[in-house]
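Enquirer: Here you go, one structure.
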């Protein structure tokens with residue numbers, strides 16, 4: 006079975022910050038990962054991360070919803086309706102948060 010390649014409009018790509026801010030993520034539909042749902046997400050920006058961090062300790066479920074709703078660009082209803090897909094999507098988004106390696110030196 007051929008996998009459906011998700012396409013976004015130019016307006017969606019521009020609103021997400023450009024193609025360099027987009028990623029394709031495969032979310033398993035079953036425990037064996039025999040079938041996957043390929044979704045398109047955007048890398049979380051500073052505004053989204055600020056909203057996420059605001060609720061991270063007080064209300065983790067709301068924080069996760071903020072992250073998914075702001076970054077998931079395709080198949081949103083399907084992912085939000087399935088707990089396993091939702092939590093897998095949260096995990097995938099956490100992996101692509103842009104954090105660079107730093108170096109600390111003496112003054």
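Residue numbers (our numbering): 6 to 112. Even glycine gets a Cβ: it sits at the ideal position worked out from N, Cα and C. The structure displayed is predicted, hence computed values, not measured ones.
#1: If you run the structure through DSSP and keep just helix, strand and coil, what is residue 29?
#2: How should residue 49 be labelled, buried or exposed, when 16 other C-beta atoms within 10 angstroms of its C-beta is the threshold for buried?
#3: Grouping DSSP H, G and I as helix and E and B as strand, with all else coil, what is residue 84?
#4: Closest to residue 20 by CA distance: which of 46, 108, 33 and 31 is it?
#5: Is the stretch 80-88 touching the stretch 57-64 in the sense that three or more CB pairs, one from each, lie closer than 8 Å?
#6: Determine contact between the stretch 28-47 and the stretch 68-87, defined as no fewer than three beta-carbon pairs at a distance below 8 Å.
Expert: In short:
#1: strand
#2: buried
#3: helix
#4: 46
#5: no
#6: yes
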